[in-house]
Every structure is written in C-alpha cells, then in structure tokens.
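Sequence lines, in order, name chains A and B. Per the working numbering, the first sequence starts with residue 1, numbered consecutively. Per the working numbering, the second sequence starts with residue 511, numbered consecutively. For reference, the structure is listed below as structure tokens.
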Amino acid sequence: MERVRVRPKMQRPKVHIENLNFKYQSNSVFDDLSWTIQKGEQWVLSGISGSGKTTLAKAITGLADYAGKIEINFDNEIQLPAKVSLVESWYQFKNVEGVANFYYQQRYTSQQAKETLTVKAELAHYGKENHLAFADVEPILNALGFAGLKNSQLIELSSGEHKKLQLVKALWLKPQLLIIDQPYTGLDVKSRESLNALLNDVCAEGVSLIIISNDEELPICINRFAKITGGKLEEISALEKAFTNSNYELGEIPEFLKQAPIYSSGLIAKMVDVNISYGEKEVLKNINWEVRAGERWLLQGPNGSGKSTLLSLINGDHPQSYANELYLFGNKRGSGESIWDIKQHIGLISPEFHWYFDANSTVLESVASGLYDSVGLFKTLPYSKKAQVDELINFFGLTENNNDLLNTLPLGKQRLVLLARTIIKNPELLVLDEPCQGLDNQQTAYFNQLIDKVCSNGMTVIYVGHFESQLPSCLEKRMVLENGEVKEISEIKNKNLTLKETIKDFELTI
Amino acid sequence: MSNYFNTLPLREQLNQLGVCEFMDISEFADGVEALKGKKLVIIGCGAQGLNQGLNLRDSGLDVSYTLRKEAIEGKRDSWKNATENNFKVGTYEELIPTADILINLTPDKQHTSVVNAVMPLMKKDATLSYSHGFNIVEEGMQIRKDITVIMVAPKCPGSEVRAEYVRGFGVPTLIAVHPENDPQGKGLAQAKAYAVGTGGHKAGVLLSSFVAEVKSDLMGEQTILCGLLQTGSILSFDKMIEKGIDAGYASKLVQYGVEVTTEALKQGGITAMMDRLSNPAKIKAFEISEEMKDIMRPLFQKHQDDIMSGEFSKTMMEDWANGDKNLLKWRAETGETAFEKTPAGDVKISEQEYFDNYTLMVAFIRAGVELAFETMVQAGIKPESAYYESLHEAPLIANTIARKKLFEMNRVISDTAEYGCYLFDQACKPLLADFMKKVDTDLVGKNFNEGKDGGVDNRKLIEVNEAIRTHQVEKVGAVLRQAMTAMKAIKTN
C-alpha cells in the first residue's frame, strides 16, 4: 500500500485515491476504486450494507491495509491539526484495568468500585493527548446535551450517549479531514439538529467532512454525494430516497412464526409508581404503565429520557426492579421467579445488547442462543430446533454465513443475525430498542414488514425508534418519556398517512 | 483450636483428601429448589459478596446482607453496594437469627472472629456456607453440631461470576460438605442448589471436601500459580536487561506474555500451548522444562509437605498474629523490582511473537503445571482437584499480571496465596541460578527460530509430543474442559 503525504501546493486535491483494491476473504470489496476530494467539498458516502463504506473510511484513515494509492494533502494555511480522524460507528471501551469483558446488564448494577473512567476523566485524557483546551469542549457538550453526564462512568452511558462522546471528541479536535461513520445512529431529533449545526461550523473553519450515511437530513454544508456499488465509487446528485414499507415484498415467513404466541397471561407488564435512581440521580420517576397481550407500542423520548432503563425492568435486567411494584407476565416481580423465567417470554434487541454480544459466536450459534436467552450457545441444539434455526437463517438470507463468526461480518449483517435471534422462539413479547441501527433502507423496510406480519398473528411489541422512516406500520399506541417521566400515553391514529408526520412534529416539540 | 486435618486418623485423612467427583449436569435437575423460600443472608458485600448475591437473587432466591454495625453506620462501600442494588441490609443481631443459610464471604483472615461472632446468633439447624476451607481445616474452627457446614467456591473473581451469569452461563465451581457438620444430611442438596443459583452448574461443578480443597488450593497458589509466575517473570525480565534487550520491550513481553501463553493452555492444555511453538522451539522448551522440573521438584515437595503437616499455616498464622510483618515487608519488596518499575513500552507485539520470543516462559509454565499436578497427586489429591488448582487457574492469575504486573497479582489474590507465593519465590530463585546462567536471548527476548533452519529429528519430535500429550494432566484436562469450552476469553491486550 502506498500512502503519500506531500507538501501542499495550490490546486492539489485534499484527498486523491487511485486504483484502490481490497479483498475480504476471497471476495473483492474494492475493484480499482478511485475518488478525488477537492478543498471545500463536503461529501456524503452511501451504499447498501456491506458495500465497503466503513472499510474505505478505515483505509483513508490508515486503519486498514489496502492495495493502491491514497494521497492526502494537508493545508498549511489553516490552523487545524493536520490529521485524519474517523468517528467509528462502533466503539469499544475498556474498564480501568483494561478489560472489555462486560455484558449490557452490568450497566444497571450499582457498584462502588469504579469499574470504568468517568466522562470527565476520559475527556481530560483525550484533551491532554491532543493538546486541547478544556474550555473549548464545554460549548460542544452543552450543544449536544451532554454536560450533565460529565460525572457518569463510561459503563453507565447508553449507546446514543457513547456515540455523542465520540462526536464531542472529534468536534473538539477539528482535524483537517473528519470522517464520521453513521453519525446519526442512536441520536434523537434534537441532537441530530444540534450535530448538523456543529458540523456546519467546523466545515466553515476548514474541516473537510466525509459522512457515511443513508439519511436524508444532512448538514447544509454537504455539497457532494457518492455511492459505492460493485466495488467502485460513483458520484450521484443526491441521496436516493428511502424505501417505503410498501415497495419491498416480504417472502413467505417460516411456518413456526405463523403460530400465534401462547400467552401465559393477558397482562404482559404493569408498573405502579416505579422509581429508579442512582444515588441522587433519578432515572425513572413514578412510572405507571400497562402493556396487554397483543398490544403494539411505540416508546419514544430524547436520549437519556430513561427508555432503556424502562425496558431493562421488563427484561428482568435491573437490580432495582426488586424494590418496585412491577408485574411481568402475570407475576409480581420478586416473588420467587428467576430472570430466566421472565426472559423466556421475550425476544430482545437493543444497541447495548448488540454492543456487548459475544462476537466470537458463529451466526448459527448466535441465532440459536435466542432459544435459551443466552449470549452465545452453551447447549447442544436438538434436531427439531436446529431445523427451525436453519429455516429462519435462510429466511434472513444468511445461510452462506452460517459458520462465520459475528466479528467477521459487517455491522448491518451482525444486526440481521441478532434480529433473527429475537424471533427464533416466536416469543410473546418483542422488545425492539432501535432494532434497525446499521441496516440499510431496504433491510429496514424488510424487517419492519416482518414485524407487521408477526404482529398480525398476535405478538406483542414494544418498539423504540428515533427515525420516523424506520417504523413498522403496526404500531398503535405510544408512550413518550421525558426526563424519566411519562409525558404522554396516546393512540397512534391515522397511521397509514400521518404516522411519519405526527411523530416528527411531536419530536420537534420536545 | 487445633488443625482439623491433623486430628484425623490417616484412614480418614486419605478419605477426605480423595473426595473428588466431576458432577454431571443432570445432577442439577432440581435447580434451586432446596433453597427456595429460605432466607439467604450474606456476610460481607465486596466483589464476591455482591456478585454472588445478585446472581442468587436473579435465580429467584431471597437474599439479604448482614454487615458490622460500623460498616452500616459509616455507610461504607459494602453498605452502598448492597443498598443501592435494593438489598435488605441489617446488623448481625437483626438478620442472622432469621437466616436459614448464612453465607460467609469475608476474607480468610477474618473468619475466626466473624464465625465466633455469628455462631451464637444462628438459629437451630441453620446452614453456614464458606467459599474456602482454611478456617475449618487449618484453624480447626468447631461449628455447633446442629449447624450444617457447606462450601461453594466459584473459581473466578466476583466480576466474572456476575458477567458469565448474566450472559446465561456460569463459572466452574467447587462444592463440599463438611462431614463433621451435616446432621440432617441436607448439605449436598443445598450446596448444589447454591451452585445453580450462581450459574456454576452450567460451567461444571466439582464435588470436593473441605480438606481436599484447602490442601490443593494452597499448593496450587503458592507453587505454579503465583509463586512460579512471579519467579519466572522476574528472572526473564532481569535476563533480558542483562543481555541488552530494550527495557520497555522486555517489560511488555513479560507483563502480557503469560496471559497470551496461558490462553492457549486454557483452551487446549499443555499440548496446545507447546504446539504454538515451532518444532525446534518445542523440543528446546521440552528439554529445559524437564531440567527445571528436576531442579524444582524438591521445592514443590517441601511446599506440599508443609501444607499437609500444617507447618505452612502455622507459620503464616504466626505472621498474622505479628501484624503481617513479613507479608507487608515482602509485598513492599515486590513493588520495588526492576520489572515492576519499568513501564511496558509502546511497541506492538503480535500474539505469535509472545510465543516465539518468550519460549522460556512456555517452559516455565509446563514445568510448573506438571510438577504441581504430579506433586499433588502423589500426596493423595485426586487428579481432577489437582487440575483445577494448577492448570485451570493459571490463566486467571496471568490475567492479573497483565492488568498491572506482579504487585497487582499479589494485591488481588488472597493474603494466604500471597504469603505462600513469597516463600516459594524466595526459595526458587537461588535454585534456578545456575540454570539461568545458561539462558540466552534466543529463549527470552528474541525469536527462537531466528537464524535456525527449522529442521528437527523425526523420532525426537515424536518422542517429545508423546511425552507432552500422554501426561495425566492432559487426559484429565481434556474431560474437564469439555464442560467449559464456552467460557469467553479474558483478554487485556
């Protein structure tokens, strides 16, 4: 691989890529890909899941090996650091002893021994390493609504908050070339707008931007669009419109998913004045909520409003559920049931669940582990179950990846595997916390149609989604949280036409 | 109080040393039934206490914590750990009389005073649970005759006990019932239910005895696990410095090398670890480890003898009584070694390089594991117990070295292990002095294969492979590892 960093002259392009080739296993990801980025150009890079967007970003940043030429010309005339930074869509943090062996449930346990750094310590460390003034980060923290989290430990942050932390660092550093992989993932509407404003600002100061995204709401500074197809990069005039649910045909669903779930109780979950707090910090306040069998809920609220914590109560993951009045599947919580008794009724996915999943499992093991609610498979699969797993994997188009380890697949594919895992037992309740993160529009539409289908057979759903274009149409009730309180419980009316608009209007008012 | 083991006739000593059965998952079909509806009260809320309690409660059991009055009034960390996770917390007087199962998870050193304080408060026919048998076996603590005494010992740090549970698995666990205290014969059923409650049954449970657990645990920790890893690390580092290897590189190789090599050990035993070397390096490592085994055998035997006779615990308890004078002095000395004081350099060392450039450590580990295992088995400890206390735990200890070197290892392990570790290390270094004079950088610091043509004699290689693969620790290990292959790798770097 050839990396050239030459002294800038007039008219030199900022980035020049020529004949880039990259193979993954024996498949070509890039086939003589070329790309030139001139000064003043701000690009959006799109493409379907697995097309190589992330790999290209890593190659430009120098984090991946490749064949071909990548030339980056920094500008001496501006004050910004002559650096390329990549904000990855995935970020692995470690505890203070350097171990990254966590599971998502541990977020909710209160432990006096400080397991991970605080946000403040992490930022102080980063600032020192890059010679940045702490005063400069304050406005960014405020703009992204992050100031209140300075004393939180890294393990306590939600995925959206981790994403913001990475964005905060990049916006603080202002490298001459900034690449952001999926900047909007996990961010609420307000944060997305604040982020776009901040990105416009850094562009004005001379940062060149490459955003990897299929989203339509981009900062106004964006002036060029590209798409990777067939290992090559082509310039397009604008991002292609998102697929709507209606223009993609769902295949025949597996037989076992056509059965109506067998409910153990008509009452799925009931919360009576539920309160959760860590020391002084109240996360949930006086929550009263009832979910009945067959209901389809949309759960919304800004980042940090308490959505994940609320769902963790339902999934048996929160230690403080024992001190609250909570009924799950007809039983009072803490009346002698185990967490495994609860989880057997539920298929769950969340960004944190994916994040902490054991990526050393194969696709087959990952899907099958949903039958036992474990992270990774620890049992021999009986023949009848094996057939069911195979059928579902086939339905998701993952058969050829059956024996691949999750960590060798692109994030979008990993996510599909974990989505298949949520429905493998045809559960009574599906808890889908931002299920379509990392999927492309087509995959999202496909999955949402599947959800509509299984709902029509009577499955109960609780769905969290920030992106209005990514919601299934079966949702009929909505609960909105704000600062840990129920702000609204309502029916979603007129959903065919206005679901998108009503939610959008609604979110903008938050 | 006198040493319990020494009060037994030889017949009974052998009997208890020989309790060892790897339990089949089908033996846990009753789940937590034996503890359902019973009041479980845990003494102490540190890492083991909190994490075991979280697991037991999540398994549907009734768990609360009892702490000393000062800990509650002072709102100490143990109090915060328990209350912030919504556990009921009370003083000894408040909670112990209600306990059906009282779980003692305080440090070894406090056992005598804790048990003396709680025993009069315990209700009739209750159960007292330990996670280590030192107090019963070595200190000879006598428990009221109506009380059932059991042991449940997860073989991992508390944070792992929790992490593996929430992912739907568990950590290997050792259980035992004290034969002097099982008046209703309910001890085993309760210990099994407890192991289910912490998730241990999914990763393999070994039925042992208090005696077998103590005598094998002490032996493993002071020889191969802590002692030899300390000696090997320091000698390796000093050798590299003597031979002019960059100090930062040497520090990093030693700090992380043990973790990388023992990861292979964990997955496939000595065989897998040795197979990571080239053929010529493997033969060399085999030869020098044979030599080291001969040199160190008397020392391993002395440690085992002192453990069996009670000499070791007697000396250590004298130091306890003396305010830990020796322990603290030796701990300070460990903090002052050149290895400890040299930060790991900012160099990239690939996984394979840790094997190729650190053949000496592979040899140290093979020699230490086999010697500890052989010595324990010769002393009457069953091979399964000996496996757990030697090979199985090596990666866990190696991980503590990778985190923050030897000082950290000695901080994390029990004071008992730490005391034994220093005794071993002090005796072992002079024994190996002559051997170390012959060691050059091809064995530690540089790639063994550099400048060699890689050829080996077929018959020699076959002979070496045969010796490695047919060792008893490999045969026992293959069976026991079946149950725990799913455990996630603990990785630091």
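From the three backbone atoms N, C-alpha and C, an ideal C-beta is built for every residue, glycine too.
- Bounds of any alpha helix (DSSP H) do not take in H16 (chain A); it lies within the beta strand (DSSP E) bounded by V15 to Y24.
- With a 10 Å radius around the Cβ and a threshold of 16 neighbouring Cβ atoms, Y640 (chain B) comes out buried.
- About 6 Å separates the beta carbons of F329 (chain A) and I268 (chain A), which is inside the 8 Å limit, making them a contact pair.
- Assignment of N360 (chain A) by DSSP, reduced to helix, strand and coil, places it in the coil class.
- In this structure the segment 157-174 of chain A touches the segment 77-86 of chain A; the number of beta carbon pairs closer than 8 Å is three or more.
- K548 (chain B) is outside the set of residues whose beta carbon lies under 8 Å from a beta carbon in chain A.
- Fewer than three Cβ pairs drawn from the segment 615-630 of chain B and the segment 674-687 of chain B lie within less than 8 Å of each other, which leaves the two stretches out of contact.
- Straight through space, the alpha carbons of P617 (chain B) and L560 (chain B) are spaced by roughly 14 Å.
- V770 (chain B) places its beta carbon 8 Å or farther from that of S569 (chain B).
- Burial of L284 (chain A) is indicated by the presence of at least 16 other C-beta atoms within 10 angstroms of its C-beta.
- Contact of D568 (chain B) with chain A is assigned, a C-beta pair being separated by under 8 Å.
- Taking the Cα of R807 (chain B) as reference, the smallest distance to any Cα among B:N645, B:M946 and B:V879 is reached at B:V879.
- If you check each beta-carbon in the segment 368-382 of chain A against every beta-carbon of chain B, the ones closer than 8 Å belong to S369, Y372, D373, S374, V375, G376, L377 and F378.
- Those residues of the segment 732-743 of chain B placed with their C-beta closer than 7 Å to a C-beta in chain A do not exist.
- With respect to the C-alpha of F597 (chain B), the residue from B:I552, B:M661, B:A636 and B:A609 having the closest C-alpha is B:I552.
- Looking at the backbone, the Cα of L809 (chain B) and that of A937 (chain B) are separated by about 8 Å.
- Nearest CB-CB separation between E604 (chain B) and chain A: not below the 8 Å threshold.
- Residues L144, G145, G160, K164, P302 and N303 of the same chain have their beta carbon placed closer than 8 Å to that of S191 (chain A), with the five preceding and five following residues left out of the count.
- Under the DSSP assignment, G231 (chain A) falls outside any alpha helix (DSSP H); it carries neither an H nor an E label.
- DSSP places D433 (chain A) in the uninterrupted beta strand (DSSP E) bounded by L429 to D433.
- Close CB contacts of K762 (chain B) within its chain, under the 7 Å cut and outside five residues either way in sequence, are with A854, G855, V857 and I859 (chain order).
- By a beta-carbon distance limit of 8 Å, Y897 (chain B) contacts G987 (chain B). Their separation comes to about 6 Å.
- L916 (chain B) is outside the set of residues whose beta carbon lies under 8 Å from a beta carbon in chain A.
- The Cβ-Cβ distance between Q437 (chain A) and G47 (chain A) does not fall below 8 Å.
- For the 8 Å CB-CB criterion, K69 (chain A) and R296 (chain A) do not form a contact.
- If you draw a 10 Å sphere on the C-beta of E648 (chain B), you find 16 or more other C-beta atoms in it, and that means buried.
- At a cut-off of 8 Å between C-beta atoms, L564 (chain B) counts as an interface residue with respect to chain A.
- Counting C-beta atoms within 10 angstroms of its own C-beta, Y24 (chain A) has fewer than 16 neighbours from the protein chains shown and is therefore classed as exposed.
- Note on E821 (chain B): under 16 other CB atoms within 10 angstroms of its CB, so exposed under the neighbour-count rule.
- Counting C-beta pairs with one atom in each stretch, the segment 706-721 of chain B and the segment 919-926 of chain B have fewer than three that are closer than 8 Å, which means they do not touch.
- With a threshold of 8 Å between beta carbons, T118 (chain A) makes no contact with chain B.
- In the structure shown, N614 (chain B) adopts extended strand secondary structure according to DSSP, grouped into three states.
- Under the three-state reduction of DSSP output, F225 (chain A) falls in the strand class.
- At a cut-off of 8 Å between C-beta atoms, Y278 (chain A) counts as an interface residue with respect to chain B.
- Of the residues assessed, R415 (chain A) falls on the buried side of the cut-off, its CB having 16 or more other CB atoms within 10 angstroms.
- When DSSP states are grouped into helix, strand and coil, M750 (chain B) belongs to the helix group.
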